[in-house]
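In UniProt numbering, the protein residues as written are 1 to 124.
Glycine is no exception: its CB is placed at the ideal position from the N, C-alpha and C atoms.
In this text the structure is predicted, and so the values were computed from the model without any measurement.
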Amino acid sequence: LYQGVLIYLNDILIFSETMEEHVKLVRHVLEKLLAAKLYVKLSKCEFHKELLDYLGYQISNRGIEMDPGKVKVVLDWQLPKTRKQLQSFLGFANFYRQLIPSFAEVLDQNSERVCKLTFECQSF
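(1) What would DSSP say about Glu50, mapped onto helix, strand or coil?
(2) Per DSSP, what kind of secondary structure is Val106 in: helix, strand or coil?
(3) For the beta strand (DSSP E) that Ser60 lies in, which residues bound it at each end?
(4) Please name the residue, chosen from Tyr96, Lys84 and Leu52, that lies closest to Phe15 on a Cα-to-Cα basis.
(5) DSSP three-state label for Glu21, please.
Set out below in structure tokens:
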């Protein structure tokens, strides 16, 4: 739509380098919504946030990071003992693959070892 505006389903994220630019973008988006007869519920809006938890990520001026609550989940995850448990963990980790340096290489290096140690390795 516009630079500094991301829309996902019914969420609109507006970001900018300066507060002045941010206010202009917010105003512009609200005007466009109003012109289209689309209304926002003020109680569901958050304005001028510097830190945002969004879809399992934490977004700030530092960039996009994994939600600290999700990091704790990974740290507390029990070692998989079955293929189903391993698939569950890999599915969870795959969601964050863009935040994990060399994710594919790490997965490739360890998947055969994990299969041999925990159960007969079969195609997933």
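Inspection of the coordinates gives the following:
(1) Glu50: coil per DSSP, three-state reduction.
(2) Annotated three-state conformation of Val106 is helix, per DSSP.
(3) Counting along the chain, the beta strand (DSSP E) containing Ser60 begins and ends at Tyr57 to Ser60.
(4) Nearest option by C-alpha distance: Leu52.
(5) Taken through DSSP and simplified to helix, strand or coil, Glu21 comes out as helix.
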